[in-house]
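Data first, discussion second: the structure below is written as structure tokens.
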Amino acid sequence: MRIDVVSIFPEYLAPLELSLIGKARQDGILDLHVHDLRSFTTDKHRSVDDTPYGGGAGMVMKPEPWAQALAAVADGRPDPDRKPVLIVPSPAGERFTQALAYELAEEQHLAFACGRYEGIDERVIEWAQEHFTVRPVSLGDYVLNGGEVAVLAMVEAIGRLLPGVVGNPESLVEESHSDGLLEYPVYTKPSVWRDREVPPVLLSGNHGRIAQWRRHEQYRRTAERRPDLLEGFDAGSLPRADRTEL
Ligand SMILES: NC(=S)c1ccno1
Numbered sequence: 000m001r002i003d004v005v006s007i008f009p010e011y012l013a014p015l016e017l018s019l020i021g022k023a024r025q026d027g028i029l030d031l032h033v034h035d036l037r038s039f040t041t042d043k044h045r046s047v048d049d050t051p052y053g054g055g056a057g058m059v060m061k062p063e064p065w066a067q068a069l070a071a072v073a074d075g076r077p078d079p080d081r082k083p084v085l086i087v088p089s090p091a092g093e094r095f096t097q098a099l100a101y102e103l104a105e106e107q108h109l110a111f112a113c114g115r116y117e118g119i120d121e122r123v124i125e126w127a128q129e130h131f132t133v134r135p136v137s138l139g140d141y142v143l144n145g146g147e148v149a150v151l152a153m154v155e156a157i158g159r160l161l162p163g164v165v166g167n168p169e170s171l172v173e174e175s176h177s178d179g180l181l182e183y184p185v186y187t188k189p190s191v192w193r194d195r196e197v198p199p200v201l202l203s204g205n206h207g208r209i210a211q212w213r214r215h216e217q218y219r220r221t222a223e224r225r226p227d228l229l230e231g232f233d234a235g236s237l238p239r240a241d242r243t244e245l
């Protein structure tokens, strides 16, 4: 997978050189390019923003540097016959979920546009439709100072799903949201720690009972912390004792 990120703070993306994503880049699984938006300006001040039409506080990101930067990204697409997906982190976007991470992990080329200030001139989003499948995406209902932090999160969430990135693909199977529920609690040695014991079932060696306990814990946690995830959830996959609680 190729990923391009455009930002006025390219150094913000430095953490993507570390850990599993960094290794995926070294291994050639992830081909990640970070571009400084100011490289696509033409004035001596390398300006990327201006005052908003209609008035109001703050500044808006100028369209032309973005068009130049995104045209360069589109020109670098691996498949000339397939539009890359352009993700624009925004509180006004669709919600980023594990399901969307899996969907985007199937793409050959992703691009991320990191807005700053009050945002990017809307005409860029309209123009970009010619060259990209454009998707404004939100991490959650809160406002950041720019898109860079959201890109770090999304690139990690998507990148770790690519074959060969995490050591044991099995570890992706029982994660929160992989089956519609939150993940179960985990424990390791010692079996007693500061007078707190590991649940005895986990020491029993009875894999059927362990699996049932874990499924129950997933359901209990989800009902307690994220009841919204249980709306429309298929209870048939739960241990019978849990079904009556739905
Ligand atoms: N909630 C998101 S992704 C965001 C981007 C910029 N500000 O908030």
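In terms of numbering that gives the first Met the number 0, the sequence shown opens at residue 0 and continues consecutively.
The beta-carbon is built from N, C-alpha and C at its ideal position, and this holds for glycine as well.
Cutoff 8 Å; reference residue i; Cβ partners in own chain excluding five residues on either side
i: GLU244; result: No answer about GLU244 holds up, because its pLDDT of 48 lies below 50 and its placement is not dependable.
i: PRO226; result: none
i: LEU201; result: TYR186, ILE209, TRP212
i: VAL191; result: VAL197
i: SER203; result: ILE209
i: GLU174; result: GLN97, GLU182
Contacts around residue i, its chain only, beta-carbon distance under 7 Å, and the 5 residues preceding and following it disregarded
i: LEU17; result: none
i: SER177; result: GLN97, LEU171
i: ILE28; result: LEU161, GLY163, VAL164
i: PRO62; result: ASP120, ARG122, VAL123
i: GLU155; result: ILE20
i: LYS43; result: none
Those residues which DSSP pairs with residue i across a bridge
i: PHE111; result: VAL4, ILE86
i: ASP48; result: MET60
i: ARG195; result: TRP192
i: ASP35; result: SER6
i: THR132; result: VAL84
i: ASP30; result: ARG1
i: ARG94; result: SER137
i: ILE119; result: MET60
Distance CB(residue i)-CB(residue j) smaller than 8 Å
i: LEU151; j: ILE2; result: no
i: ALA100; j: LEU160; result: yes
i: ARG213; j: TYR183; result: yes
i: GLY163; j: GLY114; result: no
i: ALA73; j: PHE131; result: yes
i: PRO135; j: SER89; result: yes
i: GLU147; j: SER46; result: no
i: ASP30; j: MET0; result: yes
i: GLY166; j: ILE20; result: no
i: MET60; j: GLY139; result: no
Nonlocal neighbours in the same chain, by C-beta distance under 6 Å from residue i, ignoring five residues either side
i: ALA127; result: LEU69, LEU85, VAL133
i: MET58; result: ASP48, TYR116
i: PHE232; result: GLY179
i: VAL142; result: PRO90
i: PRO51; result: VAL59
request  = Mind the definition here: the segment 80-96 touches the segment 28-42 only if three or more C-beta pairs lie below 8 Å; say whether that holds.
outcome  = no
inquiry  = Using a Cβ distance threshold of 8 Å, determine whether the segment 81-88 contacts the segment 109-124, with at least three qualifying pairs required.
reply    = yes
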